[in-house]
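Read through the structure below, which is laid out as structure tokens, and then see the notes.
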Amino acid sequence: MFKHIIKKSIEDAVIKLKIKPVDFVVEHPENEDFGDYSTNIAMVLSKKLKKSPMVIAEEITKNIKIESPISKIQVEKPGFINFWLEKTSLLSVLERIQNEKELFGKGNILKHKKIMVEYTDPNPFKEFHIGHLMSNTIGESLSRILYFNGGVVKRACYQGDVGAHTAKALWGLKKILAQNGKEIENLSRKPLREKIEILGKGYAYGAEKYLEDNVAKEEIDELNKAIYKKSDKDIMHLYNLGRKWSLDYFETIYKKLGTKFDYYFFERAVGEKGLLLVKDYLKKGVFEESAGAIIFKGEKYGLHTRVFVNKSGLPTYEAKDLGLPILKNEAFKYDLSIVVTGNEIADYFKVVLKALSIINPNLEKKTKHIPHGMLRLKEEKMSSRTGKVVTAEGLINRVEENIKIKVPDIETKELTPIVIGAIKYSMLRQGPGKDIIFDFKTSLSFEGDSGPYLQYTYARCNSILRNEKLDKGVTMSYAINKDEEKILKHIYKFPEV
Numbered sequence: 004m005f006k007h008i009i010k011k012s013i014e015d016a017v018i019k020l021k022i023k024p025v026d027f028v029v030e031h032p033e034n035e036d037f038g039d040y041s042t043n044i045a046m047v048l049s050k051k052l053k054k055s056p057m058v059i060a061e062e063i064t065k066n067i068k069i070e071s072p073i074s075k076i077q078v079e080k081p082g083f084i085n086f087w088l089e090k091t092s093l094l095s096v097l098e099r100i101q102n103e104k105e106l107f108g109k110g111n112i113l114k115h116k117k118i119m120v121e122y123t124d125p126n127p128f129k130e131f132h133i134g135h136l137m138s139n140t141i142g143e144s145l146s147r148i149l150y151f152n153g154g155v156v157k158r159a160c161y162q163g164d165v166g167a168h169t170a171k172a173l174w175g176l177k178k179i180l181a182q183n184g185k186e187i188e189n190l191s192r193k194p195l196r197e198k199i200e201i202l203g204k205g206y207a208y209g210a211e212k213y214l215e216d217n218v219a220k221e222e223i224d225e226l227n228k229a230i231y232k233k234s235d236k237d238i239m240h241l242y243n244l245g246r247k248w249s250l251d252y253f254e255t256i257y258k259k260l261g262t263k264f265d266y267y268f269f270e271r272a273v274g275e276k277g278l279l280l281v282k283d284y285l286k287k288g289v290f291e292e293s294a295g296a297i298i299f300k301g302e303k304y305g306l307h308t309r310v311f312v313n314k315s316g317l318p319t320y321e322a323k324d325l326g327l328p329i330l331k332n333e334a335f336k337y338d339l340s341i342v343v344t345g346n347e348i349a350d351y352f353k354v355v356l357k358a359l360s361i362i363n364p365n366l367e368k369k370t371k372h373i374p375h376g377m378l379r380l381k382e383e384k385m386s387s388r389t390g391k392v393v394t395a396e397g398l399i400n401r402v403e404e405n406i407k408i409k410v411p412d413i414e415t416k417e418l419t420p421i422v423i424g425a426i427k428y429s430m431l432r433q434g435p436g437k438d439i440i441f442d443f444k445t446s447l448s449f450e451g452d453s454g455p456y457l458q459y460t461y462a463r464c465n466s467i468l469r470n471e472k473l474d475k476g477v478t479m480s481y482a483i484n485k486d487e488e489k490i491l492k493h494i495y496k497f498p499e500v
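If you count the sequence shown from 1, position 390 lands on 393 in this note's numbering, and the numbers rise without skipping.
In structure tokens, the structure reads:
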């Protein structure tokens, strides 16, 4: 908006001085006493022209006409040119906001660019934990920012519906049902929440026995093969029910979080694609055989070796992540694919992307991995039903309890957005690469840098507007005071940001 006008004025002044164009910066000074905008053009030209930046700055300034939106220009040592905006121009921003409403600041730098954002990625048969909550929050925020800048954005979720975790969960579920003398049909009639609880117990039991009981380990490994090959009807019946329960449950969480996915990708389909790719490129020398498995020698590229097909002939996570971009691109021919995951797999992802760069360099170039840190609780008193991870639902419930203590008469429909706002804002107020400590006291505060405080401020502003019944429209002759001017000087920067 104003930035482009000021930059154009500087460029025109340089042309008048018969100086060749150079790259320079127009930005907001950290200290507001030095104006609304500042440029370094004089310093950039100083080396080129072998003249003092102060002299160059004065020459450029003389060739810039002071007119709307500029009210004042001033040169500061060692050669900055500072600009002040006129108050009527600031008021014009309010007029624009009234006309554009929620579209104010919407950009077009990504216009027509097709972007797929993959995030959350919980696995059926396992917990939806706070790591998934963090991935969802960051991925959803990115999706909205990219859309607001003109991108054609599609949201994707990649889920592990086959693999060792599935076999452990089903093995454990069978054992628990047998111990209680119950059939799966008894469980099918239960509410969804109870089904998920027993599924979680099944996984916890199977995962425990897999580590300490060799017989159980062999049974689970055989079960894993049977699930992959779909060779046992009874197991597949149990598998299909458990898979549906998990996916239905995840949808209840997505609804609370405000996310709706366009595409769902599953490991079974992705694994089949990845397995074919690895076998095909094994013949071409990209992969190697080693002790009955198929590996990618990452050391050749400064990385590390990873197994892409195991000794049982099954595709590993690596092979599946190799097949995933192929299926994504078939579903939605993207210009950019963003993948949001925890930073613990950053090195793993480098190996997969290196293999992809050899097989399909075009897709590798279009892929951007955004890793995030872990979400930790300041109060380590919470545990899941397995006792090992904090579930998303557990955190949401705990936040609800805390808010109810602060606001006893709050209604449920008012409670949910405050809870979700508190959790999301605590994650989004800092960079995605860092670990984040969730502190109940500061995150739920109605004062300071918190989600509930922002929501409260917004609600109070709306209440004032309703009660005062203020006239619509902005009068350009309105005399703004210093506080109003400070607020306007933040608001006008939004489209630039």
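Each residue gets a CB set at the ideal place from its N, CA and C atoms; glycine is no exception. For clarity, every value in this text was computed on a predicted model and none was experimentally measured.
field: CA nearest to the CA of E396, picked from S95, V273, Y252 and L226
entry: Walking along the sequence shown from the start, residue 396 turns up at place 393. Considering only S95, V273, Y252 and L226, the residue with the shortest C-alpha distance to E396 is Y252.
message: By the DSSP assignment, the beta strand (DSSP E) with F352 in it spans what residues?
response: Reading the sequence shown from its first residue, position 349 is the one you call residue 352. Looking at the DSSP string, F352 is not in any beta strand (DSSP E); the run it does join, the alpha helix (DSSP H), is A349 to I362.
task: Whole angstroms is fine: what's the gap from A172's alpha carbon to F128's?
output: By one-based count along the sequence shown, residue 172 stands at place 169. By one-based count along the sequence shown, residue 128 stands at place 125. One C-alpha to the other measures close to 6 Å.
task: Provide the residue span of the alpha helix (DSSP H) that contains G134, from first to last.
output: The residue labelled residue 134 in the question sits at position 131 within the sequence shown. I133 to F151 is the span of the alpha helix (DSSP H), which, as asked, contains G134.
message: Which residues does DSSP list as the beta-bridge partners of Y161?
response: The residue you call residue 161 lines up with position 158 of the sequence shown. Y161 is bridged to F268.
- prompt: Quick one: what does DSSP say S466 is sitting in, helix, strand or coil?
  reply: Taking the first residue of the sequence shown as 1, we reach residue 466 at position 463. Looking at S466 - three-state DSSP - the assignment turns out to be helix.
query: DSSP beta-bridge partners for M119?
result: If you number the sequence shown from 1, residue 119 lands on position 116. In the DSSP secondary-structure assignment, M119 is bridged to K157 and S340.
- prompt: Under the DSSP definition of a beta bridge, which residues are partnered with S41?
  reply: As a working note, residue 41 is residue 38 in the sequence shown. DSSP output for S41 lists E30 and N85 as bridge partner(s).
query: Between the region 281 to 296 and the region 131 to 149, are three or more C-beta pairs nearer than 8 Å?
result: Not touching, per the Cβ criterion.
field: Of the residues V96, S453 and A60, the one placed nearest K80, counting alpha carbons only
entry: Walking along the sequence shown from the start, residue 80 turns up at place 77. The option with the nearest alpha carbon to K80 is A60.
field: Beta-carbon separation (whole angstroms), K369 vs D324, contact threshold 8 Å
entry: If you number the sequence shown from 1, residue 369 lands on position 366. If you number the sequence shown from 1, residue 324 lands on position 321. With 8 Å as the limit, K369 and D324 do not qualify as a contact, their Cβ atoms being about 15 Å apart.
- prompt: Considering only the beta carbon of each residue, do Y122 and G142 sit closer than 7 Å?
  reply: On the sequence shown, residue 122 is found 119 positions in, with the first residue counted as 1. On the sequence shown, residue 142 is found 139 positions in, with the first residue counted as 1. Note that the C-beta distance between Y122 and G142 is below 7 Å.
- request: Assign G108 to one of three DSSP states: helix, strand, or coil.
  value: Indexing the sequence shown from 1 puts residue 108 at position 105. It is coil, neither helix nor strand.
- prompt: Which one of S95, I201, E403 and I84 has the shortest CA to CA distance from F107?
  reply: The count along the sequence shown starts at 1 and reaches residue 107 at position 104. If you compare the alpha carbons of S95, I201, E403 and I84 with that of F107, the shortest gap goes to S95.
message: Suppose you measure from the CA of L491 to the CA of L380; what does that come to, to the nearest Å?
response: The residue given as residue 491 occupies position 488 in the sequence shown. The residue given as residue 380 occupies position 377 in the sequence shown. L491 and L380 have their C-alpha atoms some 37 Å from each other.
- request: Can you have a look at Q162 and say buried or exposed, based on whether 16 or more other CB atoms are within 10 angstroms of its CB?
  value: Here residue 162 refers to the residue found at position 159 when the sequence shown is read from its first residue. By the Cβ-count criterion, Q162 is buried, with 16 or more other Cβ atoms from all chains shown falling within 10 Å of its own Cβ.
message: Let me confirm a value: S466 is counted as buried when at least 16 other C-beta atoms fall within 10 Å, else exposed. Which label applies?
response: The count along the sequence shown starts at 1 and reaches residue 466 at position 463. That one is exposed.
- request: Could you tell me which residues DSSP puts in a beta bridge with R309?
  value: Here residue 309 is taken as the residue at index 306 of the sequence shown, counted from 1. Looking at the DSSP assignment, R309 forms a beta bridge with F299.
message: Buried or exposed for E30, going by 16 or more other Cβ atoms inside 10 Å?
response: Translated into positions along the sequence shown, residue 30 becomes position 27. A residue is called buried once 16 or more other Cβ atoms fall within 10 Å of its Cβ, and E30, having fewer, is exposed.
message: Our contact map puts F5 next to Y428 with C-beta atoms below 8 Å; I'd like the distance itself, whole angstroms only.
response: Mapped onto the sequence shown, residue 5 falls at position 2. Mapped onto the sequence shown, residue 428 falls at position 425. Not quite, the Cβ-Cβ distance comes to about 29 Å (not below 8 Å), so this is no contact.
field: E79 (DSSP reduced to helix, strand or coil)
entry: For the purposes of this step, residue 79 is taken as the residue at position 76 of the sequence shown. E79 falls in the strand class under three-state DSSP.
- prompt: Given K384, which residues of its chain have a CB within under 8 Å of its CB, disregarding the five upstream and five downstream residues?
  reply: For the purposes of this step, residue 384 is taken as the residue at position 381 of the sequence shown. Bear in mind that a pLDDT of 47 at K384, under 50, signals an unreliable position, so the number given afterwards is only what the model happens to contain. Take K384, set aside five residues on each side of it, and no residue of its chain has a beta-carbon closer than 8 Å to its own.
- prompt: Thinking just about the alpha-carbon of each residue, which of V402, V392, L279 and Q458 is nearest to the one in G134?
  reply: As a first step, residue 134 must be located in the sequence shown, where it is residue number 131. With respect to the C-alpha of G134, the residue from V402, V392, L279 and Q458 having the closest C-alpha is V392.
query: Can P56 and G82 be called in contact, C-beta distance under 7 Å?
result: As a working note, residue 56 is residue 53 in the sequence shown. As a working note, residue 82 is residue 79 in the sequence shown. P56 places its beta carbon less than 7 Å from that of G82.
message: Whole angstroms are fine: how far does the CA of A210 sit from the CA of P498?
response: Reading the sequence shown from its first residue, position 495 is the one you call residue 498. Reading the sequence shown from its first residue, position 207 is the one you call residue 210. Between P498 and A210, the C-alpha separation is close to 51 Å.
- request: Can you say whether P318 is buried or exposed, counting buried as having 16 or more other CB atoms within 10 angstroms of its CB?
  value: Numbered from its first residue, the sequence shown carries residue 318 at position 315. Result: buried.
query: Can you tell me the Cα-Cα spacing of N85 and A272, whole angstroms?
result: Translated into positions along the sequence shown, residue 85 becomes position 82. Translated into positions along the sequence shown, residue 272 becomes position 269. Between the C-alpha atoms of N85 and A272 there is a straight-line separation of about 59 Å.
field: Among E347, V312, I199 and I341, nearest to R246 - alpha-carbon criterion
entry: As a first step, residue 246 is located in the sequence shown; it is residue number 243 there, counting from the start. Ranking the options by Cα distance to R246, first place goes to I199.
message: Assuming contact is defined by CB atoms lying nearer than 7 Å, are F335 and K54 in contact in what I supplied?
response: As a first step, residue 335 must be located in the sequence shown, where it is residue number 332. As a first step, residue 54 must be located in the sequence shown, where it is residue number 51. K54 is positioned such that its CB atom lies no closer than 7 Å to that of F335.
field: I67 - containing alpha helix (DSSP H), residue span
entry: As a position in the sequence shown, residue 67 is number 64, starting the count at 1. Counting along the chain, no alpha helix (DSSP H) covers I67, and no H or E run does either.
- prompt: CB-CB under 7 Å to S74, same chain, minus the five flanking residues each way: which ones, in chain order?
  reply: Within the sequence shown, residue 74 is the residue found at index 71, counting from 1. Cβ contact annotation for S74 (same chain, cutoff 7 Å, sequence separation greater than five): W87, L88 and E89, in chain order.
message: Whole angstroms are fine: how far does the CA of V312 sit from the CA of K233?
response: By one-based count along the sequence shown, residue 233 stands at place 230. By one-based count along the sequence shown, residue 312 stands at place 309. Looking at the two C-alpha atoms, the distance is approximately 19 Å.
Minimum C-alpha distance to K177 - residue among I223, K485, P374 and E347: Locating residue 177 in the sequence shown gives position 174, counting from the first residue. Nearest C-alpha to K177: I223.
A322 versus G454: straight-line alpha-carbon distance, rounded: Walking along the sequence shown from the start, residue 322 turns up at place 319. Walking along the sequence shown from the start, residue 454 turns up at place 451. Cα-Cα distance, rounded: 40 Å.
query: Ordered along the chain, which non-local residues of its own chain (more than five positions away) have a Cβ less than 8 Å from that of S49?
result: For the purposes of this step, residue 49 is identified with residue 46 of the sequence shown, where counting begins at 1. Beyond the five residues adjoining it in sequence on each side, S49 comes within less than 8 Å, by CB distance, of S55, P56, I59 and G82 in the same chain, given in chain order.
field: Burial state of E62 (16 or more Cβ within 10 Å)
entry: The count along the sequence shown starts at 1 and reaches residue 62 at position 59. Flag for E62 reads buried.
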